[in-house]
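Residue numbers (mature numbering (1 follows the signal peptide of the UniProt record, and there is no 0)): -21 to -1, 1 to 51. No residue lacks a Cβ here, since even glycine has one placed at the ideal position from N, Cα and C. Predicted model only: the values in this text are computed from it and were never measured. Following: one structure in structure tokens, then a few remarks.
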Amino acid sequence: MTKQHIFTFLFLFFILRTVSWFEYQEDELESEESLLKLYDRWMSHHHVPFNVMNHGVDIFEVFRSNANYMKV
């Protein structure tokens, strides 16, 4: 193997290791209660700190908007 092949392999390996899949069920988008549970699971999965509200952004509202977009 050449150095280029080794570099390419290592680059792809590290990129793929950082990809994190998050699965959800369609019915988790139906009610406010299930959406809030999904949001909590999403925050835990992606290690989102609970102090993000200090930055003036309501992350749940953004999450809800994105979830509504995914329903379409």
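Test item: CB-CB of residue i and residue j under 7 Å
i	j	result
GLU2	LEU17	no
Identity of the residue in the options nearest residue i by Cα
i	options	result
residue 84	LEU(-12), ILE38, SER10	Missing from the structure shown is residue 84; the chain here goes from -21 to 51 and no further.
LEU14	THR(-20), LYS(-19), SER44, PHE(-13)	SER44
Cβ neighbours of residue i in the same chain (closer than 8 Å, five flanking residues each side left out)
i	result
VAL27	TRP21, ILE38
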